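Report on the following structure.
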Amino acid sequence: MMHRGRHRRRKRGKALRAFLAGTALALTAAATMISASQATVAADPGALKPLATAAETDALRLHEQLEPRSTLDRLASAMGRPEGVGAVLADADHSLRAAADCAPAERKALPVEPAATRAYCWGAADTRSWRPGAVTTSGDADDDGLWGQNRVILSAWSQGAQNLARVAFIDANDIDRLTYTWVLLAVPTDGGRDFRALDSQVSGMVWYQDKLLVTAADGLYVYDMNRVQRATTNASAVGRVPGGWAAHGNRWVLPAVGSYRADATHPDYLSLDRSTSPDSLVASDWVSTDSDRDVRLWRYDLSSSSDRSGLLTTDPAGYTPVDEAYETRTPGVGAVLSYRSEWYLGRTSDDQDGRGTLWRQDATGARATRCGTDETTRCWSGEAESLSYWEATGEVWSQSGRMLFALPLSTIDRSLR
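Quick note on numbering: the sequence shown equals residues -42 to -1, 1 to 375 in mature numbering (1 follows the signal peptide of the UniProt record, and there is no 0).
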(Lines of atoms letter the chains of each structure in order from A and count residues from 1; the text may use other names and numbers.)
(Lines give C-alpha, C1' and ligand atoms only; values in the text may rest on other atoms or scores of the structure.)
Protein backbone atom coordinates (compact mmCIF):
# COMPACT_ATOMS: atom_id res chain seq x y z
CA MET A 1 0.00 0.00 0.00
CA MET A 2 1.27 3.44 -0.85
CA HIS A 3 1.45 5.26 2.49
CA ARG A 4 1.36 9.00 2.17
CA GLY A 5 2.25 11.26 5.02
CA ARG A 6 -0.59 12.73 7.03
CA HIS A 7 -0.44 16.07 8.74
CA ARG A 8 -2.45 18.16 11.09
CA ARG A 9 -4.61 20.91 9.71
CA ARG A 10 -4.52 24.39 11.00
CA LYS A 11 -7.73 24.83 12.93
CA ARG A 12 -10.19 27.64 12.93
CA GLY A 13 -10.77 29.46 16.19
CA LYS A 14 -13.00 27.57 18.57
CA ALA A 15 -15.75 29.70 20.05
CA LEU A 16 -17.11 26.87 22.14
CA ARG A 17 -14.01 25.84 24.11
CA ALA A 18 -15.79 26.67 27.34
CA PHE A 19 -18.84 24.55 26.47
CA LEU A 20 -19.06 21.46 28.66
CA ALA A 21 -16.03 22.58 30.68
CA GLY A 22 -16.53 22.43 34.40
CA THR A 23 -15.53 20.77 37.58
CA ALA A 24 -15.49 16.99 37.76
CA LEU A 25 -18.63 15.29 38.97
CA ALA A 26 -18.57 13.85 42.46
CA LEU A 27 -19.45 10.42 41.19
CA THR A 28 -19.33 7.50 43.55
CA ALA A 29 -17.99 5.23 40.82
CA ALA A 30 -15.18 7.63 40.03
CA ALA A 31 -14.13 7.82 43.65
CA THR A 32 -13.83 4.09 44.16
CA MET A 33 -10.44 2.53 43.53
CA ILE A 34 -10.11 -1.00 42.25
CA SER A 35 -8.34 -3.36 44.61
CA ALA A 36 -5.12 -5.06 43.55
CA SER A 37 -6.82 -8.44 43.72
CA GLN A 38 -9.35 -7.31 41.12
CA ALA A 39 -7.19 -5.21 38.77
CA THR A 40 -4.05 -6.52 37.17
CA VAL A 41 -1.71 -4.84 34.74
CA ALA A 42 -2.87 -5.76 31.25
CA ALA A 43 -0.44 -7.28 28.79
CA ASP A 44 1.34 -4.56 26.81
CA PRO A 45 0.31 -4.84 23.13
CA GLY A 46 3.40 -2.91 22.02
CA ALA A 47 3.68 -0.76 18.92
CA LEU A 48 1.22 -0.75 16.06
CA LYS A 49 2.24 -2.93 13.13
CA PRO A 50 1.60 -1.33 9.72
CA LEU A 51 -0.26 -3.31 7.07
CA ALA A 52 1.38 -2.51 3.76
CA THR A 53 0.53 -5.21 1.21
CA ALA A 54 -2.31 -4.92 -1.26
CA ALA A 55 -3.72 -8.25 -0.12
CA GLU A 56 -4.02 -6.93 3.45
CA THR A 57 -5.56 -3.56 2.60
CA ASP A 58 -7.78 -4.52 -0.34
CA ALA A 59 -9.79 -6.74 1.99
CA LEU A 60 -10.80 -3.57 3.84
CA ARG A 61 -11.80 -1.38 0.90
CA LEU A 62 -15.45 -0.39 0.48
CA HIS A 63 -17.71 -0.13 -2.54
CA GLU A 64 -20.22 2.73 -2.56
CA GLN A 65 -23.82 2.02 -3.50
CA LEU A 66 -26.07 5.09 -3.32
CA GLU A 67 -29.84 4.84 -3.62
CA PRO A 68 -31.24 6.26 -6.89
CA ARG A 69 -32.68 9.74 -6.48
CA SER A 70 -35.98 8.40 -7.81
CA THR A 71 -36.18 5.96 -4.87
CA LEU A 72 -35.64 8.70 -2.30
CA ASP A 73 -38.04 11.11 -3.99
CA ARG A 74 -40.76 8.45 -4.27
CA LEU A 75 -40.54 7.69 -0.54
CA ALA A 76 -40.52 11.37 0.40
CA SER A 77 -43.47 12.07 -1.84
CA ALA A 78 -45.48 9.30 -0.21
CA MET A 79 -44.54 10.14 3.40
CA GLY A 80 -44.49 13.92 3.23
CA ARG A 81 -41.81 16.60 3.22
CA PRO A 82 -38.59 15.44 4.97
CA GLU A 83 -37.51 17.26 8.12
CA GLY A 84 -34.14 18.26 9.53
CA VAL A 85 -32.41 17.88 12.89
CA GLY A 86 -33.95 21.06 14.31
CA ALA A 87 -37.50 19.77 13.86
CA VAL A 88 -36.62 16.52 15.61
CA LEU A 89 -35.02 18.32 18.57
CA ALA A 90 -38.10 20.53 18.92
CA ASP A 91 -40.09 17.33 19.39
CA ALA A 92 -37.92 16.02 22.27
CA ASP A 93 -40.19 14.44 24.87
CA HIS A 94 -37.79 12.46 27.10
CA SER A 95 -35.12 13.55 29.59
CA LEU A 96 -31.87 12.04 30.76
CA ARG A 97 -31.19 12.04 34.50
CA ALA A 98 -28.12 13.71 35.97
CA ALA A 99 -25.51 11.42 37.54
CA ALA A 100 -26.53 12.33 41.06
CA ASP A 101 -29.99 10.92 40.35
CA CYS A 102 -28.69 7.66 38.87
CA ALA A 103 -28.64 4.44 40.90
CA PRO A 104 -25.28 3.19 42.23
CA ALA A 105 -25.65 0.08 40.07
CA GLU A 106 -25.96 2.30 36.99
CA ARG A 107 -22.94 4.43 37.93
CA LYS A 108 -20.78 1.31 38.15
CA ALA A 109 -20.66 1.40 34.35
CA LEU A 110 -18.63 4.63 34.48
CA PRO A 111 -14.83 4.59 34.24
CA VAL A 112 -13.04 4.75 37.58
CA GLU A 113 -9.94 6.58 36.39
CA PRO A 114 -9.83 8.97 34.65
CA ALA A 115 -13.22 9.99 35.97
CA ALA A 116 -16.14 11.26 33.93
CA THR A 117 -16.80 15.00 34.20
CA ARG A 118 -20.25 14.76 32.64
CA ALA A 119 -22.55 11.79 33.24
CA TYR A 120 -26.23 11.03 32.72
CA CYS A 121 -28.38 7.92 32.80
CA TRP A 122 -31.18 6.63 30.61
CA GLY A 123 -34.51 5.62 32.03
CA ALA A 124 -34.93 1.87 32.53
CA ALA A 125 -38.43 1.85 31.08
CA ASP A 126 -37.28 3.62 27.92
CA THR A 127 -34.27 1.37 27.27
CA ARG A 128 -35.36 -2.01 28.67
CA SER A 129 -34.55 -4.78 26.15
CA TRP A 130 -32.43 -2.33 24.13
CA ARG A 131 -28.62 -2.52 23.91
CA PRO A 132 -26.54 0.70 23.91
CA GLY A 133 -24.19 1.26 21.00
CA ALA A 134 -22.24 4.09 19.43
CA VAL A 135 -22.20 7.83 20.18
CA THR A 136 -21.48 10.75 17.87
CA THR A 137 -22.09 14.49 18.20
CA SER A 138 -22.46 17.75 16.33
CA GLY A 139 -18.76 18.12 17.17
CA ASP A 140 -18.21 15.44 14.53
CA ALA A 141 -20.70 17.00 12.12
CA ASP A 142 -19.03 20.42 12.06
CA ASP A 143 -15.75 21.59 13.51
CA ASP A 144 -17.40 24.51 15.32
CA GLY A 145 -19.33 21.94 17.36
CA LEU A 146 -22.76 23.14 16.22
CA TRP A 147 -25.35 21.88 13.76
CA GLY A 148 -27.06 25.09 12.78
CA GLN A 149 -27.60 26.72 16.17
CA ASN A 150 -27.80 23.46 18.09
CA ARG A 151 -25.43 21.32 20.11
CA VAL A 152 -26.50 17.73 19.55
CA ILE A 153 -25.55 14.25 20.76
CA LEU A 154 -26.67 11.11 18.94
CA SER A 155 -26.89 7.81 20.84
CA ALA A 156 -27.58 4.50 19.08
CA TRP A 157 -29.50 1.56 20.58
CA SER A 158 -30.35 -1.85 19.12
CA GLN A 159 -32.91 -4.53 19.88
CA GLY A 160 -32.00 -7.96 18.58
CA ALA A 161 -35.32 -9.61 19.36
CA GLN A 162 -37.13 -7.49 16.77
CA ASN A 163 -34.13 -6.56 14.60
CA LEU A 164 -34.46 -2.84 15.30
CA ALA A 165 -32.01 0.03 15.58
CA ARG A 166 -32.86 3.54 16.73
CA VAL A 167 -30.99 6.74 17.54
CA ALA A 168 -31.73 9.22 20.32
CA PHE A 169 -31.43 12.79 19.03
CA ILE A 170 -30.32 14.61 22.18
CA ASP A 171 -30.71 18.37 22.61
CA ALA A 172 -27.47 19.38 24.38
CA ASN A 173 -27.96 23.14 24.26
CA ASP A 174 -28.53 23.08 28.03
CA ILE A 175 -25.84 20.69 29.22
CA ASP A 176 -27.49 20.39 32.63
CA ARG A 177 -30.80 19.29 31.12
CA LEU A 178 -30.52 16.89 28.21
CA THR A 179 -33.74 16.06 26.37
CA TYR A 180 -34.21 13.68 23.47
CA THR A 181 -36.53 11.84 21.13
CA TRP A 182 -36.13 8.57 19.22
CA VAL A 183 -35.58 8.16 15.47
CA LEU A 184 -35.85 4.68 13.94
CA LEU A 185 -33.20 3.72 11.37
CA ALA A 186 -34.66 2.24 8.20
CA VAL A 187 -33.74 1.09 4.68
CA PRO A 188 -35.91 1.86 1.61
CA THR A 189 -37.36 -1.13 -0.25
CA ASP A 190 -39.27 -1.70 -3.47
CA GLY A 191 -37.84 1.37 -5.16
CA GLY A 192 -38.97 3.68 -2.34
CA ARG A 193 -42.51 2.34 -2.08
CA ASP A 194 -41.79 1.00 1.42
CA PHE A 195 -39.03 0.68 4.01
CA ARG A 196 -37.78 -1.91 6.49
CA ALA A 197 -35.97 -1.65 9.79
CA LEU A 198 -32.17 -1.70 9.87
CA ASP A 199 -31.62 -5.28 10.95
CA SER A 200 -28.37 -4.87 12.88
CA GLN A 201 -26.64 -3.80 16.04
CA VAL A 202 -25.12 -0.30 15.76
CA SER A 203 -21.63 -0.55 17.27
CA GLY A 204 -20.18 2.26 15.17
CA MET A 205 -21.65 5.62 14.12
CA VAL A 206 -20.19 8.91 12.84
CA TRP A 207 -22.07 12.08 11.93
CA TYR A 208 -20.04 14.01 9.37
CA GLN A 209 -21.44 17.09 7.65
CA ASP A 210 -25.00 16.17 6.61
CA LYS A 211 -24.46 12.38 6.61
CA LEU A 212 -24.66 9.75 9.33
CA LEU A 213 -22.50 6.67 8.75
CA VAL A 214 -23.68 3.60 10.66
CA THR A 215 -22.19 0.11 10.98
CA ALA A 216 -24.37 -2.86 10.12
CA ALA A 217 -23.91 -6.59 9.73
CA ASP A 218 -23.39 -6.22 5.98
CA GLY A 219 -21.33 -3.01 5.82
CA LEU A 220 -21.95 0.69 6.44
CA TYR A 221 -25.24 2.48 5.82
CA VAL A 222 -25.44 6.16 4.91
CA TYR A 223 -28.20 8.45 6.21
CA ASP A 224 -28.98 12.01 5.17
CA MET A 225 -29.69 14.14 8.24
CA ASN A 226 -31.94 16.38 6.13
CA ARG A 227 -34.22 13.46 5.24
CA VAL A 228 -35.83 12.56 8.56
CA GLN A 229 -39.45 11.55 7.99
CA ARG A 230 -42.46 11.74 10.29
CA ALA A 231 -44.30 8.51 11.00
CA THR A 232 -48.06 8.92 10.59
CA THR A 233 -49.15 6.16 12.98
CA ASN A 234 -47.85 4.77 16.26
CA ALA A 235 -48.34 1.16 15.19
CA SER A 236 -45.65 -1.32 16.29
CA ALA A 237 -45.00 -2.34 12.67
CA VAL A 238 -42.25 -0.84 10.49
CA GLY A 239 -43.00 0.59 7.04
CA ARG A 240 -46.22 1.07 5.11
CA VAL A 241 -49.32 0.01 7.03
CA PRO A 242 -53.05 0.52 6.41
CA GLY A 243 -53.65 4.18 6.94
CA GLY A 244 -50.07 5.42 6.81
CA TRP A 245 -46.47 4.80 7.82
CA ALA A 246 -45.19 3.21 11.05
CA ALA A 247 -41.82 3.30 12.83
CA HIS A 248 -42.37 0.80 15.68
CA GLY A 249 -44.24 3.39 17.74
CA ASN A 250 -41.63 6.13 17.18
CA ARG A 251 -42.64 9.47 15.71
CA TRP A 252 -39.61 9.72 13.45
CA VAL A 253 -37.85 7.47 10.93
CA LEU A 254 -34.60 7.99 9.01
CA PRO A 255 -34.34 6.03 5.73
CA ALA A 256 -30.89 5.18 4.36
CA VAL A 257 -29.65 6.95 1.23
CA GLY A 258 -26.90 4.45 0.44
CA SER A 259 -24.40 1.95 1.75
CA TYR A 260 -20.76 0.87 1.60
CA ARG A 261 -20.02 -2.83 1.21
CA ALA A 262 -16.65 -4.45 1.93
CA ASP A 263 -14.95 -7.01 -0.29
CA ALA A 264 -14.08 -9.11 2.76
CA THR A 265 -14.10 -7.34 6.14
CA HIS A 266 -16.40 -4.50 7.17
CA PRO A 267 -15.83 -2.12 10.11
CA ASP A 268 -17.33 -2.89 13.52
CA TYR A 269 -16.40 0.38 15.24
CA LEU A 270 -16.02 3.92 13.93
CA SER A 271 -14.90 7.41 14.89
CA LEU A 272 -13.95 10.66 13.17
CA ASP A 273 -10.43 12.08 13.03
CA ARG A 274 -10.33 15.82 12.31
CA SER A 275 -6.56 16.05 12.86
CA THR A 276 -5.83 14.58 9.41
CA SER A 277 -6.05 16.26 6.03
CA PRO A 278 -8.54 15.48 4.68
CA ASP A 279 -10.72 14.48 7.63
CA SER A 280 -10.85 10.69 7.94
CA LEU A 281 -13.16 7.93 9.09
CA VAL A 282 -11.40 5.64 11.58
CA ALA A 283 -12.42 2.00 11.83
CA SER A 284 -11.60 -1.23 13.67
CA ASP A 285 -12.88 -4.79 13.68
CA TRP A 286 -14.02 -6.92 16.59
CA VAL A 287 -11.78 -9.73 17.86
CA SER A 288 -12.87 -11.67 20.95
CA THR A 289 -10.57 -11.84 23.94
CA ASP A 290 -10.04 -15.58 23.50
CA SER A 291 -8.87 -15.22 19.88
CA ASP A 292 -5.24 -15.26 18.75
CA ARG A 293 -5.98 -12.96 15.76
CA ASP A 294 -4.76 -9.37 15.86
CA VAL A 295 -7.17 -6.44 15.74
CA ARG A 296 -7.03 -4.31 12.60
CA LEU A 297 -7.20 -0.50 12.71
CA TRP A 298 -7.57 1.56 9.56
CA ARG A 299 -8.88 4.78 8.07
CA TYR A 300 -10.68 6.06 4.97
CA ASP A 301 -10.47 9.59 3.57
CA LEU A 302 -13.67 11.61 3.63
CA SER A 303 -14.53 13.49 0.47
CA SER A 304 -13.81 17.19 0.20
CA SER A 305 -15.96 17.61 -2.93
CA SER A 306 -18.89 19.99 -2.51
CA ASP A 307 -21.23 17.59 -4.33
CA ARG A 308 -20.28 14.66 -2.05
CA SER A 309 -20.80 16.16 1.38
CA GLY A 310 -20.40 13.63 4.18
CA LEU A 311 -19.40 10.77 1.88
CA LEU A 312 -16.16 8.85 1.58
CA THR A 313 -13.62 9.47 -1.17
CA THR A 314 -14.08 7.00 -4.03
CA ASP A 315 -12.14 6.08 -7.16
CA PRO A 316 -13.77 6.05 -10.65
CA ALA A 317 -15.02 2.50 -10.01
CA GLY A 318 -16.82 3.57 -6.82
CA TYR A 319 -14.33 2.00 -4.40
CA THR A 320 -13.01 3.64 -1.24
CA PRO A 321 -9.44 2.48 -0.61
CA VAL A 322 -7.81 2.23 2.80
CA ASP A 323 -5.51 5.17 3.47
CA GLU A 324 -3.51 3.49 6.23
CA ALA A 325 -3.93 0.35 8.32
CA TYR A 326 -2.34 -1.36 11.32
CA GLU A 327 -2.59 -4.47 13.44
CA THR A 328 -2.50 -4.49 17.24
CA ARG A 329 -2.47 -7.22 19.86
CA THR A 330 -5.46 -5.92 21.81
CA PRO A 331 -8.31 -8.42 21.47
CA GLY A 332 -11.60 -7.32 22.98
CA VAL A 333 -11.31 -3.75 21.70
CA GLY A 334 -14.77 -2.22 21.64
CA ALA A 335 -13.98 1.43 20.87
CA VAL A 336 -11.49 3.23 18.64
CA LEU A 337 -10.39 6.85 18.37
CA SER A 338 -7.51 8.40 16.46
CA TYR A 339 -6.17 11.91 16.98
CA ARG A 340 -2.81 13.44 16.07
CA SER A 341 -1.22 10.10 15.14
CA GLU A 342 -2.28 8.50 18.44
CA TRP A 343 -4.79 5.64 18.58
CA TYR A 344 -7.01 5.22 21.65
CA LEU A 345 -8.50 1.75 22.15
CA GLY A 346 -11.07 0.76 24.76
CA ARG A 347 -10.66 -2.92 25.69
CA THR A 348 -13.67 -4.66 27.16
CA SER A 349 -13.59 -6.57 30.41
CA ASP A 350 -13.09 -10.34 30.50
CA ASP A 351 -13.26 -10.56 34.29
CA GLN A 352 -16.02 -10.49 36.86
CA ASP A 353 -15.26 -6.97 38.08
CA GLY A 354 -16.51 -5.59 34.77
CA ARG A 355 -13.64 -3.14 34.27
CA GLY A 356 -11.89 -2.53 30.97
CA THR A 357 -8.60 -0.94 29.91
CA LEU A 358 -8.01 2.16 27.81
CA TRP A 359 -4.86 2.00 25.67
CA ARG A 360 -3.08 4.66 23.64
CA GLN A 361 -0.91 3.25 20.88
CA ASP A 362 1.25 4.53 18.05
CA ALA A 363 4.10 3.29 15.88
CA THR A 364 6.53 3.31 18.83
CA GLY A 365 4.63 1.63 21.67
CA ALA A 366 1.58 1.55 23.93
CA ARG A 367 0.47 2.93 27.28
CA ALA A 368 -2.64 2.25 29.37
CA THR A 369 -4.50 4.63 31.66
CA ARG A 370 -3.56 3.98 35.29
CA CYS A 371 -5.85 3.66 38.29
CA GLY A 372 -4.57 6.71 40.13
CA THR A 373 -1.18 6.13 41.74
CA ASP A 374 -1.75 2.39 41.50
CA GLU A 375 0.13 0.46 38.82
CA THR A 376 -3.04 -1.37 37.78
CA THR A 377 -4.70 -0.45 34.50
CA ARG A 378 -8.14 -2.06 34.52
CA CYS A 379 -10.10 1.03 35.48
CA TRP A 380 -11.90 1.98 32.28
CA SER A 381 -15.54 1.23 31.57
CA GLY A 382 -15.88 -2.40 30.56
CA GLU A 383 -18.86 -1.95 28.23
CA ALA A 384 -18.14 1.26 26.31
CA GLU A 385 -18.28 0.61 22.57
CA SER A 386 -17.65 4.11 21.31
CA LEU A 387 -15.25 7.04 21.63
CA SER A 388 -16.23 10.33 20.01
CA TYR A 389 -13.97 13.39 20.30
CA TRP A 390 -15.76 16.74 20.38
CA GLU A 391 -12.80 18.84 19.26
CA ALA A 392 -14.43 22.21 19.92
CA THR A 393 -14.74 21.34 23.63
CA GLY A 394 -11.79 18.97 24.05
CA GLU A 395 -14.02 16.19 25.42
CA VAL A 396 -14.48 12.53 24.57
CA TRP A 397 -18.05 11.16 24.70
CA SER A 398 -19.04 7.54 25.23
CA GLN A 399 -21.73 5.41 26.83
CA SER A 400 -21.76 2.22 28.84
CA GLY A 401 -24.77 0.39 30.19
CA ARG A 402 -27.36 3.07 30.89
CA MET A 403 -24.74 5.79 31.40
CA LEU A 404 -23.86 8.49 28.86
CA PHE A 405 -20.65 10.26 29.87
CA ALA A 406 -17.84 12.59 28.82
CA LEU A 407 -14.36 13.52 29.99
CA PRO A 408 -11.58 15.72 28.60
CA LEU A 409 -9.08 14.05 26.29
CA SER A 410 -6.37 15.90 28.24
CA THR A 411 -7.25 13.95 31.42
CA ILE A 412 -6.98 10.69 29.51
CA ASP A 413 -3.53 11.72 28.30
CA ARG A 414 -2.46 12.75 31.81
CA SER A 415 -3.55 9.37 33.15
CA LEU A 416 -1.33 7.71 30.54
CA ARG A 417 1.84 9.48 31.66
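Backbone N, C-alpha and C fix where the C-beta goes; we use that ideal spot for every residue, glycine too.
Keep in mind it's a predicted model, so treat the numbers as computed, not measured.
### Query
Under three-state DSSP, which class holds Pro366?
Judged by DSSP in its simplified three-state form, Pro366 adopts strand.
#### Entry: Close beta carbons around Arg287, own chain, < 7 Å, minus the five adjacent residues each side
Excluding residues within five positions, the ones whose Cβ falls inside 7 Å are Pro3, Gly4, Asp252.
### Message
Quick check: what's the CA-CA separation for Arg198 versus Tyr284?
### Response
Distance between the alpha carbons of Arg198 and Tyr284: 44 Å.
### Task
Ignore the nearest five residues each way along the sequence and tell me which others in Met(-41)'s own chain have a CB closer than 7 Å to its CB.
Bear in mind that a pLDDT of 38 at Met(-41), under 50, signals an unreliable position, so the number given afterwards is only what the model happens to contain. For Met(-41), same chain residues with a beta-carbon under 7 Å away, outside a window of 5 residues either side, do not exist.
### Task
With a threshold of 16 other CB atoms inside 10 Å of the CB of Pro8, please say whether the residue is buried or exposed.
When all chains shown are included, Pro8 counts as exposed.
### Query
Are the segment 95 to 113 and the segment 9 to 22 touching by the rule of at least three beta carbon pairs closer than 8 Å?
Not touching, per the Cβ criterion.
#### Entry: Residue closest to Asp49, alpha-carbon to alpha-carbon, out of Val280, Glu343, Val141
The shortest Cα separation from Asp49 among Val280, Glu343, Val141 belongs to Val141.
### Message
Less than 6 Å between C-beta atoms, sequence neighbours within five positions excluded: which residues of the same chain meet that for Gly359?
### Response
Answer for Gly359: Ala67, Glu341, listed in chain order.
### Query
Three-state secondary structure (DSSP) at Ser267?
In the structure shown, Ser267 sits in coil (DSSP, three-state: anything other than H, G, I, E or B).
### Query
Any idea if Pro236 is buried or exposed, counting beta-carbon neighbours within 10 angstroms, 16 or more meaning buried?
Taking all protein chains in view, the Cβ of Pro236 is surrounded by fewer than 16 other Cβ atoms within 10 Å, so the residue is classified as exposed.
### Task
Kindly indicate which residue of Ser116, Pro146, Val110 has the alpha-carbon position closest to the one of Asp131.
According to the sequence shown, residue 131 is Asn rather than Asp. When each option's Cα is compared against that of Asn131, the closest is Val110.
#### Entry: Coil, strand or helix - Val354 by DSSP
Assignment of Val354 by DSSP, reduced to helix, strand and coil, places it in the strand class.
#### Entry: N-terminal and C-terminal residue of the alpha helix (DSSP H) that Ala1 is part of
Boundaries cannot be given for Ala1, as no alpha helix (DSSP H) includes it and DSSP labels it neither H nor E.
### Task
Taking the CB atoms as reference points, tell me whether Arg328 and Gly314 lie closer together than 8 Å.
Judged by their CB atoms, Arg328 and Gly314 are not nearer to each other than the 8 Å cut-off.
### Task
Go through its chain and collect everything with a Cβ distance to Ser34's Cβ below 6 Å, but skip five positions before and after it.
Correcting the residue identity first, residue 34 is Ala in this sequence and not Ser. Take Ala34, set aside five residues on each side of it, and the residues of its chain with a beta-carbon closer than 6 Å to its own are Pro40, in chain order.
### Message
In this structure, how does DSSP classify Pro90 when only helix, strand and coil are distinguished?
### Response
The three-state secondary structure of Pro90, taken from DSSP, is strand.
### Query
Among the residues of its own chain, which have a CB less than 6 Å from the CB of His224, if the five just before and after it don't count?
For His224, where only same-chain residues beyond five positions count, the Cβ hits under 6 Å are Gly177.
### Message
I'd like the ranges of any beta strand (DSSP E) spanning at least 3 consecutive residues and lying wholly in the segment 229 to 266.
### Response
Look at the segment 229 to 266 and you find these whole runs of beta strand (DSSP E), each 3 residues long or longer: 238 to 242, 253 to 259.
#### Entry: Collapsed DSSP secondary structure at Pro62 in the structure displayed
Pro62 falls in the helix class under three-state DSSP.
### Task
Have a look at the DSSP bridge pairing and note the partners of Met163.
When DSSP reads this structure, Met163 sits in a beta bridge with Val172.
### Query
Would DSSP call Ala43 helix, strand or coil?
Sequence check: residue 43 is Val here, not Ala. Note: Val43 maps to helix in three-state DSSP.
### Message
So within the segment 127 to 159, which uninterrupted alpha helix (DSSP H) runs reach at least 4 residues, ignoring any that extend past its ends?
### Response
DSSP runs (the alpha helix (DSSP H)) wholly in the segment 127 to 159: none.
### Task
Assign Arg372 to one of two classes, buried (16 or more other C-beta atoms within 10 Å of its C-beta) or exposed (fewer than that).
Exposed, by the Cβ-count rule.
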